[in-house]
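**Student:**
Protein chains: 2
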Amino acid sequence: MNFLTRNKQIILYGLALAVIIILVRWLEISYILADDSVDIYIGVIALLFTGLGVWLAIKLRKPKVETVIVEKEILLTPPVVFVLNENEVKRLNLSRRELEVLQWMAAGLSNQEIADKLFVSLNTIKTHTAQLFEKMEVKRRTQAVDLGKKLGLIP
Amino acid sequence: MNFLTRNKQIILYGLALAVIIILVRWLEISYILADDSVDIYIGVIALLFTGLGVWLAIKLRKPKVETVIVEKEILLTPPVVFVLNENEVKRLNLSRRELEVLQWMAAGLSNQEIADKLFVSLNTIKTHTAQLFEKMEVKRRTQAVDLGKKLGLIP
DNA sequence: TGCAAAATCACCCGAAAGTATGACCGCTGA
DNA sequence: TCAGCGGTCATACTTTCGGGTGATTTTGCA
């Protein structure tokens, strides 16, 4: 069954060949074709079988080449490399120490913990935070952290 | 000039046809071909021109389609659309209210402001935050916000 | 080298945040 | 039906935060 389907073109071609040969033979026997008309005869046969060949080639040649589109998903991870928004730092006139305090604040440290980490007194950190809030125009450390992230001051 | 190049195949085919017809005519004249051998003669011609047809078809038929592999880079932008990390919510056993409070906390609201926004008392918010901190194992709202962002609980 | 800005520290006070505990209500699943 | 949970609220207390003010030292730069 599969054989028939797969070789349908070839079988059809063979049958067509047979039919044409039979036809030609019959014409010949019937004396319809004179000896003189051999040229035309050959021409017709040639054209016929050329057409057949073309058809065969087109049919048999598989559509084959498929366009393969490979969709490659590439996950970009922008947060991996944090770049400080220098412009905002300048605009807000934030000092280095204030920015540092802001970063630790964002990490969830208390003023005391920041003080310990930076080896300064609690009061110093308080001063820094107070200045920071004033410059950033916020009232709470949570607001400062939120705004800081939005402005690209902290990762 | 261009005409010649573009129709080279067709011209070649025509010429081949002419040559073969001349050849056949010559054979006929030379009495090499007897009347009896017409079948074989036709068969040969048929095969010949079928081959020609196939060759023609293959040659003429387009500079076959090339395999095109397109690597499509799809940018995934995670920050654009925030999806809540349900797994973490379940793991930490956070209630809806607690998550809500966390979100407002992350926006920089004070407990009193959150209370006003949710139309509940300050004490209620305090209870929620206390429970939240216990479940998240943190001690401060800033820590909760930081961890919440890392775990995908808040945008 | 001098000066402004930055960094440091201190004290006080009120506000906000966080801790601990107890209580009430409504819903739900065993 | 009853235990458990989520949500609500309250009181009392401690800790931390933030505002205000003032002062000294350090540092970067013109």
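As you go down the protein sequences, you meet chains L and C in turn. Heads up: the first sequence begins at 1 in my numbering, then just goes up one per residue. Heads up: the second sequence begins at 156 in my numbering, then just goes up one per residue. For glycine and all other residues, C-beta sits at the position ideal for the given N, C-alpha and C. Bear in mind the structure is a predicted one, so any value in this text is a computation, not a measurement.
1. Quick one: does T284(C) have its CB under 8 Å from some CB of chain L?
2. Using a Cβ-Cβ cut-off of less than 8 Å, give me the residues of the stretch 98 to 124 of chain L that come near chain C, in sequence order.
3. Would you list, in sequence order, the uninterrupted alpha helix (DSSP H) runs of no fewer than 4 residues that lie entirely inside the stretch 106 to 130 of chain L?
4. Does the stretch 131 to 140 of chain L touch the stretch 86 to 102 of chain L, meaning 3 or more C-beta pairs lie closer than 8 Å?
5. Where I309(C) and T282(C) are concerned, what is the direct C-alpha to C-alpha distance, given to the nearest angstrom?
6. Listing by chain order, which chain C residues have their CB less than 9 Å from the CB of L56(L)?
7. Let's test the definition: count the other Cβ atoms within 10 Å of the Cβ of E98(L) and tell me whether it reaches 16, buried, or not, exposed.
8. Mind listing the chain L neighbours of V236(C)? Cutoff is C-beta to C-beta under 8 Å, in chain order.
9. If I follow the unbroken alpha helix (DSSP H) through N87(L), where does it start and stop?
10. Buried or exposed, going by whether 16 or more other CB atoms sit within 10 Å of the CB of L102(L)?
11. Kindly indicate which three-state DSSP category I200(C) falls into: helix, strand or coil?
12. If you measure from the beta carbon of R295(C) to each beta carbon in chain L, is any gap under 8 Å?
13. Rounded to whole angstroms, what's the CA-CA distance from E148(L) to A130(L)? Just pull it up for me.
14. In whole angstroms, what is the alpha-carbon distance linking E243(C) and E100(L)?
15. Where L47(L) and F204(C) are concerned, what is the direct C-alpha to C-alpha distance, given to the nearest angstrom?
16. Pull up the CB-CB distance for S142(L) and V275(C), whole angstroms please, since I reckon it's below 8 Å.
17. Leaving out the 5 sequence neighbours to the left and right, which residues in its chain are closer than 8 Å to L75(L) when beta-carbon positions are compared?
18. In the stretch 143 to 154 of chain L, which residues sit with their C-beta less than 7 Å from some C-beta in chain C, listed in chain order?
19. Thinking G152(L) and L84(L) are a contact (beta carbons under 8 Å), I'd like their distance in whole angstroms, please.
20. Who are the near neighbours of E268(C) in its chain, counting only those whose CB is closer than 8 Å to its CB and skipping five residues on each side?
21. Starting from R141(L), follow the alpha helix (DSSP H) in both directions and report where the run begins and ends.
**Tutor:** Working from what's here:
1. For T284(C), no Cβ of chain L is located within less than 8 Å of the residue's own Cβ.
2. Per Cβ criterion, the list reads M105, A106, A107, G108, L109, S110.
3. DSSP runs (the alpha helix (DSSP H)) wholly in the stretch 106 to 130 of chain L: 111 to 118.
4. Enough Cβ pairs lie closer than 8 Å, so yes.
5. Answer to the nearest angstrom: the Cα atoms are 20 Å apart.
6. The CB of L56(L) comes closer than 9 Å to the CB of T205, G208, V209, A212 in chain C, given here in chain order.
7. Buried, because 16 or more other Cβ atoms sit within 10 Å of the Cβ of E98(L).
8. Those within 8 Å of V236(C) in chain L number zero; the least Cβ separation is about 14 Å.
9. Residues 86 to 92.
10. Looking at its Cβ environment, which holds 16 or more other Cβ atoms inside 10 Å, L102(L) is buried.
11. In the three-state reduction of the DSSP assignment, I200(C) falls in the helix class, which pools H, G and I.
12. The Cβ of R295(C) sits closer than 8 Å to at least one Cβ of chain L.
13. Looking at the sequence provided, one finds Gly at residue 148(L) rather than Glu. Within the model, the alpha-carbon separation for G148(L) versus A130(L) is close to 15 Å.
14. So the two alpha carbons sit approximately 30 Å from each other.
15. Each residue's alpha carbon lies about 7 Å from the other.
16. The residue you asked about is not Ser; residue 142(L) is Thr in the sequence shown. Separation of the CB atoms of T142(L) and V275(C) is rounded to 19 Å, and the pair is thereby denied contact status at 8 Å.
17. With a pLDDT of only 44 at L75(L), under the threshold of 50, the placement of this residue in the model should not be trusted, and no figure is reported.
18. Answer set for the stretch 143 to 154 of chain L: Q143, V145, D146.
19. So it is a contact: roughly 7 Å between Cβ atoms.
20. Cβ within range, chain order: W259.
21. Per DSSP, R141(L) is one residue of the alpha helix (DSSP H) stretching across 141 to 151.
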